[in-house]
Amino acid sequence: MTRTIVESKTKTAIIGFDQPFCVIGERINPTGRKKLAAELEAGDFSTVEKDAIAQVACGATMLDVNAGVVYNSNPNPNETEPPLMTKMIELVQGLVDVPLCIDSSVPAALEAGLAAAQGRPLLNSVTGEEDRLELVLPLVKKYNVPVVAISNDDTGISEDPDVRFAVAKKIVERAADFGIPAHDIVVDPLVMPIGAMATAGLQVFALVRRLRDELGVNTTCGASNISFGLPNRHGINNAFLPMAMASGMTSAIMNPCALPTPLSKIAEKKAELEAAGIVIPEGMDDETFCRLMGIGSRESRPGGEMSAIRAANFLTDNDPSGAEWIRFNRPPGVPGEGRGGRDGGRRRRRA
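Shown next as structure tokens:
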């Protein structure tokens, strides 16, 4: 059975068909986050610190670290990304002890991250483009790490799943030429937005099955790509992830945390209650109000996608006796019970 081993200084995570689904937290990435990008250029790492701690608390197995900031003061990422990647890797692994996924399109930044990382990180990524293969695969071999292989090449991203499979096969074969085994290749088959391509879900499920059955490789994806541009994206994501898991997908790069309830929504709800003549007790804090009204939370908490993943782990027998599912859903601080409850969180199977 294919198993991809990733490690921090003291912890090991296994990506595999017979393992619980691996959640790779995506939040430490300035792409599309102008505030974070500005903070990083200014040397402010407070959001990185918060995101690292929150994602692990919400159940991330690994953390993706991306230093892809284009500085206003210096637009050359070959100069700015490597030292920033080193700083971010050192900071994150000083806060949390989970394996890391080093994410960059700049080879020098990848190597800087590899040099700074403790344990055995996952490298993100290599593509089927010839120059990228020649730059990244030697790093993978030199540092003996697994790598994400993205199914596009010099011709771009194909809408044809057969072409994307052929690119993945090419990368696996080229990696073998460098002495890199297939179990250290985690293929990203490229999930297309279903809002733009009605067959995107069916395509990726079939492609993941082929990658598992014909190449024997683990897989990952940017999970939220499937719902891009649609309303109620969480509803789509919550359905997509268990279906992808049942098809053989073994990990995803995603946000494990639910977004905090906006203060504007809290104010709107309070105004509704006051208009209806309902008196809100003085001194009630926003967190208590959110929970009482059922409008989420101001605190970091696992998102609905995490609930769907935990349920799918249970249903595919990758959560023996449902122990993790029960722990995940048990309210904190149940009187008279320890962390695991009276039965240690395990559900006894009926004979």
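If you read the sequence shown in our numbering, its first letter stands for residue 507, the second for the next number, and so on.
Using N, Cα and C, we set each Cβ at its ideal position, and we do this for glycine too.
Where Leu-569 is concerned, the enclosing beta strand (DSSP E) starts and stops at 568-572. The DSSP-derived three-state label of Asp-609 is strand.
Rounded to whole angstroms, Leu-708 and Val-785 show a C-alpha spacing of 51 Å. Annotation for Thr-518: the continuous beta strand (DSSP E) segment containing it runs 518-522.
The secondary-structure analysis by DSSP pairs Pro-808 across a beta bridge with Cys-763. Here Asp-694 is bridged, per DSSP, to Ile-656. Between the segment 522-537 and the segment 567-574 there are three or more inter-stretch CB-CB distances shorter than 8 Å, so the stretches are counted as touching. At a cut-off of 4 residues, the continuous stretches assigned as alpha helix (DSSP H) that sit fully inside the segment 574-645 are 583-601, 613-622. Classified as exposed, Thr-794 has fewer than 16 neighbouring CB atoms from the shown chains inside 10 Å of its CB. For Arg-716, there is no enclosing beta strand (DSSP E); the enclosing alpha helix (DSSP H) covers residues 706-716. With a cutoff of 8 Å on beta-carbon distance, Asn-819 and Pro-526 are scored as near each other. In the structure shown, Asn-535 falls within a coil segment according to DSSP collapsed to helix, strand and coil. The alpha-carbon separation between Ala-750 and Asn-731 amounts to approximately 13 Å. Between the C-alpha atoms of Asn-744 and Pro-787 there is a straight-line separation of about 36 Å.
Pairwise C-beta distances place the segment 682-692 in contact with the segment 713-726, as three or more of them are shorter than 8 Å. By the neighbour-count criterion, in which 16 or more other beta carbons inside 10 Å mark a residue as buried, Ala-777 falls on the exposed side. Ser-757 has Cys-528 as its beta-bridge partners, per DSSP. In its chain, beyond the 5 residues on either side, Pro-667, Arg-670, Phe-671, Pro-695 have a beta carbon closer than 7 Å to the beta carbon of Leu-713.
Using a Cβ-Cβ distance cut-off of 8 Å, the segment 550-559 and the segment 580-592 are not in contact, since fewer than three pairs of beta carbons, one from each stretch, lie closer than that value. DSSP lists Ile-520 as the beta-bridge partner residues of Ile-511.
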